[in-house]
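K.L.:
In this note's numbering, the protein residues as written are 893 to 1119.
Virtual Cβ for every residue (Gly too), placed ideally from N, Cα, C.
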Amino acid sequence: MCFGLPNINREGYLFIVVSFIVTCIAFSISWGAGITCLFPTLLCTYFFRDPARAVPNNKDFILSPADGVISKIEEVSYSLSEENEEEKKFTLVSIFLSVLNVHVNRIPISGTIKEMNYKKGKFVSAMSNRSSNENEKQIIVIEYEKGKEIIVEQIAGFIARRIVCNLRTSQSVKAGERFGIIRFGSRVNIYIPIGIEVRVSEGQTVIGGETVIADFNKQEKLTFDVI
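In structure tokens, the structure reads:
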């Protein structure tokens, strides 16, 4: 039987290398010290794992942007930009990521990055729904059709104080592609236009790039791409 090494997100390279060096030094001092340092090294490697995903090849699907548990689903009003204060109605699906979840974020639907805003804020525990409104966040607006948008928010938490987003305005994106990571426990929100059927429920576990959050058309036959 052959076991391959896990895929590791590049944001974790420095953490893992430093942890490995410290572990080697600790083992040179004593086995006890080495074993003590080995555990956080393995935990760090586990946290930054970046497994491939079987992404449904269906343009009508809105996919989960993150691994985690659905903590809240509700109808909300949302202003797309500070310049345009006009609010639109969306269904908010909020996903909580524990430190044990894969923290790589993925594009929920193919389209174009229309707008990006970074908002400073607090670092309330991501376990609290308050974090959606109060915490530091990266806001990403994806235009999937002319004049139609979906919003994704990467939200920092009490432990997760580093948001990485590898996107730029006007960039074309494909559903299921990796676009960033939030370090060490966090929350990701996705705002879906009212009228689109949501196919998940509160308390449900979802997988980034695989779980279908909402569906424009339930009749189309499924195929998959591994990304």
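Mapping DSSP to helix, strand and coil, what is N901?
P.N.:
Translated into the one-based positions of the sequence shown, residue 901 becomes position 9. N901: coil per DSSP, three-state reduction.
K.L.:
How would you call G1101, buried or exposed, if buried means at least 16 neighbouring beta carbons within 10 angstroms?
P.N.:
If you number the sequence shown from 1, residue 1101 lands on position 209. So G1101 ends up on the buried side.
K.L.:
Helix, strand or coil: which one does DSSP assign to G926?
P.N.:
Your numbering for residue 926 matches position 34 in the sequence shown. Helix.
K.L.:
How many angstroms separate the CA atom of E1089 from the CA atom of V1118?
P.N.:
The sequence position of residue 1089 within the sequence shown is 197, counting from 1. The sequence position of residue 1118 within the sequence shown is 226, counting from 1. Approximately 25 Å, taken between the alpha carbons.
K.L.:
Since E1094 and I965 are thought to touch, with beta carbons under 8 Å apart, how far apart are those beta carbons, to the nearest angstrom?
P.N.:
By 1-based counting over the sequence shown, the position of residue 1094 is 202. By 1-based counting over the sequence shown, the position of residue 965 is 73. That belief holds up - the Cβ atoms of E1094 and I965 are roughly 6 Å apart, short of 8 Å.
K.L.:
Thinking just about the alpha-carbon of each residue, which of P1000, E978, S1064, N901 is nearest to the one in F940?
P.N.:
Along the sequence shown, read from residue 1 onward, the residue named residue 940 stands at position 48. Out of P1000, E978, S1064, N901, N901 has the C-alpha closest to the C-alpha of F940.
K.L.:
If we count Cβ pairs, one from each stretch, closer than 8 Å, do we get three or more for the segment 954-963 versus the segment 987-1005?
P.N.:
In short, these stretches touch, since the Cβ pair count reaches three.
K.L.:
Secondary structure at F939, three-state DSSP: helix, strand or coil?
P.N.:
Walking along the sequence shown from the start, residue 939 turns up at place 47. In this structure, F939 counts as helix in the three-state DSSP scheme.
K.L.:
Where does N1081 land, buried or exposed, given buried means 16+ other C-beta within 10 angstroms?
P.N.:
The count along the sequence shown starts at 1 and reaches residue 1081 at position 189. Looking at its Cβ environment, which holds 16 or more other Cβ atoms inside 10 Å, N1081 is buried.
K.L.:
Pick out whichever of I913, K1040, G1068, L984 has its Cα sitting closest to the Cα of N949.
P.N.:
Translated into the one-based positions of the sequence shown, residue 949 becomes position 57. Of I913, K1040, G1068, L984, the residue nearest in Cα terms is G1068.
K.L.:
Name the DSSP bridge partner or partners of G1087?
P.N.:
Taking the sequence shown and counting its residues from 1, one reaches residue 1087 at position 195. According to DSSP, G1087 bridges with nothing at all.
K.L.:
Among the candidates A925, Y938, S920, whose CA atom is the shortest distance from the CA of Y905?
P.N.:
Translated into the one-based positions of the sequence shown, residue 905 becomes position 13. The candidate whose alpha carbon is nearest that of Y905 is Y938.
K.L.:
Closest by CA to R1060, which one among V947, T1004, D1107?
P.N.:
Reading the sequence shown from its first residue, position 168 is the one you call residue 1060. When only C-alpha atoms are compared, the closest one is T1004.
K.L.:
Given a threshold of 16 other Cβ atoms within 10 Å of its Cβ, counted over all protein chains shown, does R1079 qualify as buried or as exposed?
P.N.:
Stepping through the sequence shown from its first residue, residue 1079 is reached at position 187. The residue in question, R1079, is buried, as its Cβ has 16 or more Cβ neighbours within 10 Å.
K.L.:
Helix or strand or just coil, what does DSSP make of M893?
P.N.:
On the sequence shown, residue 893 is found 1 positions in, with the first residue counted as 1. Its pLDDT being 41, under 50, M893 is placed unreliably in this model, and the coordinates cannot settle the point.
K.L.:
Take S1062 and list the residues in its own chain whose beta-carbon comes closer than 7 Å to its own, dropping the five residues that flank it on each side.
P.N.:
By one-based count along the sequence shown, residue 1062 stands at place 170. Within the same chain, S1062 has close Cβ partners T1004, I1005.
K.L.:
Taking the alpha carbon of C1057 as the reference point, which residue from I1042, E1041, R1075, K1040 has its own alpha carbon closest?
P.N.:
Here residue 1057 refers to the residue found at position 165 when the sequence shown is read from its first residue. Per the Cα distances, R1075.
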